[in-house]
Structure formats: C-alpha cells, structure tokens
Amino acid sequence: MAYQRGDMEAFETLWAAFRGALTGYLRALSRDGAVAEDLLQETFLQLHKVRHTYQPPRPVRPWVYAIARNVFLMHRRAAYRRGRHETIADDVLPEVPVPPEIESLGDRETVQKALTRLPEGRRGALVLHHMLGMSFKEVGAVLGISEGAAKVRAHRALAELREAMGVTGDGS
Amino acid sequence: MSGRSSLPDGLRRALEADHRPVRPLRQASVRALWVALWAALALVGLPVVIGMRADIASLGFALSWGAAVFECIAGLGLVVLALREAVPGSGVTPPVGSAALAAGIAVQVLVAVLSWLQRGMPSGSFPPGGAHCFPMESTLALPALALTMVLVGLAYAVRPRWAGVLGGAGAGVLTDGVWHLICPYAELSHVLVWHGGAVLALAALGWIFGTAVEVVRRRALSSRH
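From first to last, the protein sequence lines are chains A and B. Take the first sequence: its position 22, counting from 1, is numbered 22 in my numbering, and each next residue is one higher. Take the second sequence: its position 76, counting from 1, is numbered 1076 in my numbering, and each next residue is one higher.
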C-alpha cells in the first residue's frame, strides 16, 4: 500500500474515500454530530499511528472501521469515567444517518428516533450492513464476531426497528 | 477529491511530523516464530540446566518429549491467535477463542492424565504437595509472556484484554510443556492444581496487560479532547 511506503497523497485518498461514510458511522454510534467529528479526526490519527497493522491484500474497510469503533468505545469509556453519561432527549435528537432500506419504514424523524434507541452492538451491525453495504463477513470482522452472529445482530436490529415503528412483518 | 488542505490542522500536523515508510506487519504465524524460537531453546536448554525429571525413562519418548512438544505447539497456537487478535479487523471471534483456550487447557490435562496413568501413581492428596512448582513455572513463563505481549503491543489490539488472555494462556501452556520434562511430581492432583494454576495465573497476567493498554489509550484520548 502506497500510504505505508510514506506516500502522503495516499493518505489523502484514504481520507477522501472514508471521511463521509466514517462520519455517518461514528454519528450513528455516538448519536452526537460534534462528538462524531472529533472521533473522525481521532480515528484518522490512530489509523496513521498504526498504519503498519494493515496487512495487504486484506480488505481495507474492516481494518478502518474496526479502529473507528475502537476509538468510539474508548471515548465512551472515558466519558463514563468522567461521569458524562449519555442522555438523549427527544427534542435534541442528532441527525443520525438512516439506511435507505429502513427509511421507507416511516417518516425520517421517527426512524431516526427508533434507530438511536437501539443498543450500540445492534445499531452498529445494522448501519454497517444496511447503510454502508458491508457483507456480513466484513461486519463480523469489524465487530470481532462471526459472520453468523453479525447476521443475527443486523436482523434483530431491523426487527426491533420495525417493532418500534409498528410495522408488521410484510412491511405494511 | 479533497486535497491536503481539507485535512484538519491536528491531523495535518501529525502527518507532517511522521510520514516515514512503515513495513506492514507479517502474518501472525510468522511473528509467533520469535516465541517458537524461545520455546525451542527452553525445551532443549532448561531440562539440561535445571535437570530432567527422574522418572523420564518410565514415561517413554511419546509421553516425555512427545507430550512436551505437543503442549508447546498447543501453546504456540494460542499465541498465534493472540497475535491475530492484535490486528484490527482480523480478530478472533469469542467462540473460536474460547474453544482454543479450552483446547489448550485440555491438552495440558490430557498430558497430565496420560503421564499419571503410565506411571500408575496415586492421584495424590488435596491440597497437593510441590506448591513451589506454581511460582517456578510461572516465573519460567515470563520470557514467553513478555515476548508475546511485546508482539501484541507492536500491533493494535482493539480488544487488548482478549488478546492478553489468549497470549498469556498460550505462554502458560507452552511453558508447561517444558516444565513437564523437569517437574518430578507425577501425582495428578499436583499437575492439575499447581501447573494448571500457573496457566490460569499467566492468562490473568495477560488480562492485566490488556487492561493497562486500554487505560493508557483511554487516558491518551481523554487528554486530547
């Protein structure tokens, strides 16, 4: 990989390629736009520090998103230690990206509310698969679980989302 | 496409401060060769330096050297998993890791039971004698543990505790293979309690290492935000 050989243009390519999707992912995890921006920078900082851990020809996406998720988890633990617990009031819900397949379940605001209330593990699997189009194998690699477990998490999240929105099994 | 001007200042500064070329990490099995080298040296050297167990002849080749090498390979397998876990996006799933840990302990128990059956000794009292084996085996395992943790630390484990437990247990099982050639006790209770305890203690040390890594990372993150 050119970036590992010291080519900084390659870092910019990486930044350009992942910036938007990573921001969406981090926003979905953190449920806070400002925090997501901070975590995005921190993620790229970590990517740069540990760039030697990418092993070509493995796919880049699981490596990038696994680091991003780790940065989020570290941030959450640090916030917990400082006594800053996450509380989200209905009137200040952040703009969380909604996977296109899920958008049709109801109006955008209702879907966002339901999505932000899902547990982090399932929300992450749902976003990675339905929004970022990752295969379940890639989702498993990011979350450190098996392909089957990733599938179960994403499907359960979708079922919970449908239930929260009062949508029946056939989508009506 | 965004150029460098679109990069946030902090990120740009970090890039400009360090943009030397890096060599990608080798496969986990290749990195584990350092630990394998230590295991080979310990397997050959330590029984000579400390002294071979007195009943080695009655165990036969398969249950002495064969079992020792078998345990070392099982321990190395756990070390390889720990090193794989230390690469983001290629982690070991909990079921696979748990099964590997159970298999490593099962190998230790299997060697203990077969050696005990071969020697036809009583199963031993409780608490078993020879408690000094616990600190001795644990101390002997420290180089393998340190080497594994350095290799884990050179990568970037997103679940450092998990990597630490796998690596610690691996170093423990591997060292138990070497200690099998040295320990003069053949009672089953001795091996299960003191040798098994040493493996568990090393896994716990690995967990502590992982916790320390996590704390350092969390503090570094807190200091930047």
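Glycine is no exception: its CB is placed at the ideal position from the N, C-alpha and C atoms.
Near residue i, what residues of its chain come up, given a Cβ to Cβ distance below 7 Å and the 5 sequence neighbours on each side ignored?
i         : result
A/ARG153  : GLY121, ARG122 and ALA125
A/PRO56   : MET1
B/ILE1163 : At residue 1163 of chain B the sequence reads Ala, which differs from the Ile that was named. Here the set comprises ALA1082, GLU1085, ALA1086, VAL1152, ALA1157 and GLY1210.
B/ARG1053 : LEU1181, ILE1182, CYS1183 and PRO1184
A/TYR80   : none
Might you give, ordered along the chain, the residues of its own chain that have their beta carbon closer than 8 Å to the beta carbon of residue i, omitting 5 neighbours on each side?
i         : result
B/SER1058 : GLN1118 and ARG1119
A/THR110  : MET165
A/ARG156  : ARG122
DSSP state of residue i, grouped into three classes?
i         : result
A/GLN55   : coil
A/ILE145  : coil
B/TYR1156 : coil
B/VAL1107 : helix
B/HIS1195 : helix
B/GLU1187 : coil
B/ASP1018 : coil
B/ALA1132 : One point to set straight first is that residue 1132 of chain B is His, not Ala, in the sequence displayed. Residue state, collapsed to three classes: coil.
A/SER30   : helix
B/SER1125 : coil
In angstroms with no decimal places, state the Cα-to-Cα distance between residue i and residue j.
i         : j         : result
B/ALA1062 : B/HIS1190 : 21 Å
B/SER1223 : B/GLU1187 : 54 Å
A/ILE145  : A/LYS137  : 9 Å
A/ILE67   : B/SER1125 : 50 Å
B/ALA1169 : A/ALA17   : 40 Å
B/ALA1220 : B/ALA1100 : 33 Å
B/LEU1205 : B/VAL1044 : 26 Å
B/ARG1161 : B/VAL1215 : 11 Å
B/LEU1037 : B/SER1098 : 26 Å
Whose CA, out of the options, lies closest to the CA of residue i?
i         : options                                       : result
A/GLU147  : B/VAL1193, B/ARG1020, B/LEU1221 and B/SER1090 : B/SER1090
A/ARG69   : B/PRO1184, B/ARG1159 and B/ARG1219            : B/ARG1159
B/VAL1092 : B/ALA1068, B/ALA1040, B/LEU1147 and B/VAL1165 : B/VAL1165
B/ASP1055 : B/HIS1195, B/VAL1022, B/PRO1024 and B/TRP1116 : B/TRP1116
B/ASP1176 : B/THR1148, B/ARG1161, B/ALA1201 and B/ALA1141 : B/ALA1141
B/PRO1088 : A/ALA79, A/GLY106, A/THR53 and A/ARG81        : A/THR53
B/ALA1014 : A/ALA34, A/GLU9, A/GLU37 and A/HIS48          : A/HIS48
A/PRO59   : A/ASP7, A/ALA159 and A/VAL139                 : A/VAL139
B/SER1029 : B/ALA1042, B/GLY1197, B/MET1149 and B/LEU1076 : B/LEU1076
A/PRO119  : A/ALA28, A/VAL64, A/ARG5 and A/VAL71          : A/ALA28
B/GLU1137 : B/TRP1065, B/VAL1193, B/ARG1217 and B/PHE1070 : B/VAL1193
B/VAL1202 : B/ALA1144, B/GLY1051, B/VAL1111 and B/PRO1021 : Residue identity differs from the one stated: residue 1202 of chain B is Leu in this sequence, not Val. Minimum Cα distance to B/LEU1202 is reached at B/ALA1144.
Report all residues from its chain with a CB closer than 6 Å to the CB of residue i; omit the five preceding and five following residues, and keep chain order.
i         : result
A/ALA141  : PRO62
B/ALA1039 : CYS1072 and LEU1174
A/HIS129  : VAL139 and ALA154
**Prompt:** Along the stretch 123 to 147 of chain A, what residues have a CB closer than 8 Å to any CB found in chain B?
**Reply:** GLY140, ALA141, VAL142, GLY144, ILE145 and SER146
**Asked** Going along the chain, which residues of the stretch 1074 to 1094 of chain B sit with their C-beta nearer than 9 Å to a C-beta in chain A?
**Response** GLU1085, ALA1086, VAL1087, PRO1088, GLY1089, SER1090, GLY1091, VAL1092, THR1093 and PRO1094
**Item:** Short-range partners of chain A found in the stretch 1026 to 1040 of chain B, where Cβ spacing is below 7 Å
**Value:** none
**Asked** Between the stretch 1213 to 1224 of chain B and chain A, which residues of the former have a C-beta closer than 9 Å to a C-beta of the latter?
**Response** Contacts with chain A (Cβ-Cβ distance below 9 Å) from the stretch 1213 to 1224 of chain B involve GLU1214, ARG1217, ARG1218, ARG1219, ALA1220, LEU1221, SER1222 and ARG1224, listed in chain order.
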